[in-house]
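First comes the structure, then the notes that go with it.
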Amino acid sequence: MAALEGLGYVVDWFDRGSYRREDPVEVARLRAREDARALLIARDMPILRNAASGLDPLLPIGEIEALGGAQVEAFLGLAPSGAPIFIGLLSDEAVEQRADTSDGFLDRRVLVVPGREDLKLVDLRSIAIGGLVPQEEMAMLAAAKALMHWHARHRFCSNCGALSEVAVAGWRRDCPVCKAMHFPRTDPVVIMLAIEGDACLLGRQPRFPKGMYSALAGFVEPGETIEAAVRREIREESAVVCRAVQYFASQPWPFPASLMIGCFAQAENRSFEIDRVELEDARWFSRDETIALLERRHPDGLTAPTPMAIAHHLLKRWAYKPIRFGD
Numbered sequence: 419m420a421a422l423e424g425l426g427y428v429v430d431w432f433d434r435g436s437y438r439r440e441d442p443v444e445v446a447r448l449r450a451r452e453d454a455r456a457l458l459i460a461r462d463m464p465i466l467r468n469a470a471s472g473l474d475p476l477l478p479i480g481e482i483e484a485l486g487g488a489q490v491e492a493f494l495g496l497a498p499s500g501a502p503i504f505i506g507l508l509s510d511e512a513v514e515q516r517a518d519t520s521d522g523f524l525d526r527r528v529l530v531v532p533g534r535e536d537l538k539l540v541d542l543r544s545i546a547i548g549g550l551v552p553q554e555e556m557a558m559l560a561a562a563k564a565l566m567h568w569h570a571r572h573r574f575c576s577n578c579g580a581l582s583e584v585a586v587a588g589w590r591r592d593c594p595v596c597k598a599m600h601f602p603r604t605d606p607v608v609i610m611l612a613i614e615g616d617a618c619l620l621g622r623q624p625r626f627p628k629g630m631y632s633a634l635a636g637f638v639e640p641g642e643t644i645e646a647a648v649r650r651e652i653r654e655e656s657a658v659v660c661r662a663v664q665y666f667a668s669q670p671w672p673f674p675a676s677l678m679i680g681c682f683a684q685a686e687n688r689s690f691e692i693d694r695v696e697l698e699d700a701r702w703f704s705r706d707e708t709i710a711l712l713e714r715r716h717p718d719g720l721t722a723p724t725p726m727a728i729a730h731h732l733l734k735r736w737a738y739k740p741i742r743f744g745d
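Each position in the sequence shown, counted from 1, maps to that position plus 418 in the numbering used here.
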């Protein structure tokens, strides 16, 4: 399938070089190179530097090491130029919060690094929506944020409670006491468009921006297939029963560490009952209404997610090209 234009965090721009992680000598050699750069994360936000060419997420390793409270935690991979890319974590204490106008959807905390007015902390969702960095750098930022979120919240061994140690260039934590090995987590989430005839089912959560409707979504449970998760989530949130399920595409979603698995589902009918615990509202939209949502000209001022989200592309694919379910 062709690339989905504007979809966030998916451009496979860098070489992860996973085979290098097991060799500490090689990782140290890469880190010592003059062209080595690092993405710096603090309080779950990437740190961008004001540069002549715009906002730059890649900082020289030496500059990061000079910051008080900063530590290089992981080897991310190689840029197309061959330059090594690492991930750094800046301690919470090294960051100062000056304001907070967050709305539950966008993190609008105003965070600064005292003495470094050229550094700017920006919510990853805001970076994507605003196009603040090139699209190819978004996948790197997504990986960096998700990995640092995991490190910050999994410092202790879940098996015995001892303080664990960073291993394999940041891609594992090892327990020195019970020898357990812990790996970064990725949570699979199904996000699906239920279809019946010329209509699709959309819902909205209370935290969504005013007027925005999106595809239903939910976590895949242990021992569950993607298809079963799609049917279960739709049934739980709307009481709509679906039959056939068709995979569409996937998207890393670093909030904090999900993999969105986009699907279409064939609904048996349009009868539904909203789960008010999960959803503020849900309704069926015709194809014409869906196009109006995408083009932001719906008569009631309703909207769809922006192209950075896979929900937008599910809607766009169905709106402009009928879905044919197999037997």
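Idealized CB from N, CA, C, for every residue including glycine.
From the options, residue whose alpha carbon lies closest to that of residue i
i    : options                   : result
A759 : I644, S436 and M610       : The shown model of the chain, from 419 to 745, leaves out residue 759, and the question about it has no answer.
C660 : N687, P674 and F673       : N687
V658 : P723, L620 and G424       : L620
E698 : W431, H716, V490 and S656 : S656
G426 : F637, T724 and R742       : T724
G506 : L458, R590, L476 and P624 : L458
R455 : D462, M599, R467 and M463 : R467
H569 : A612, R439, M556 and A585 : A585
Exposed unless 16 or more other CB atoms sit within 10 angstroms - verdict on residue i
i    : result
C681 : buried
S676 : buried
R649 : buried
E535 : exposed
G495 : buried
Y631 : buried
R439 : buried
Coarse secondary structure for residue i, derived from DSSP in three states
i    : result
W568 : helix
S676 : strand
G477 : Looking at the sequence shown, residue 477 is not Gly but Leu. Three-state DSSP puts L477 in a strand.
T721 : strand
P532 : coil
A546 : helix
P442 : helix
E651 : helix
E483 : helix
D525 : coil
A617 : strand
For residue i, the first and last residue of its enclosing beta strand (DSSP E)
i    : result
W671 : C660 to W671
W736 : Run containing W736: none in the beta strand (DSSP E); it sits in the alpha helix (DSSP H), I728 to Y738.
E491 : A488 to L496
I778 : No answer is possible for residue 778: the residues shown for the chain start at 419 and end at 745.
Pairwise C-alpha distance: residue j and residue i
i    : j    : result
D616 : F703 : 8 Å
D706 : P627 : 22 Å
L473 : G744 : 46 Å
R451 : N577 : 38 Å
R526 : R516 : 11 Å
H730 : L559 : 21 Å
K563 : P672 : 7 Å
A446 : P602 : 22 Å
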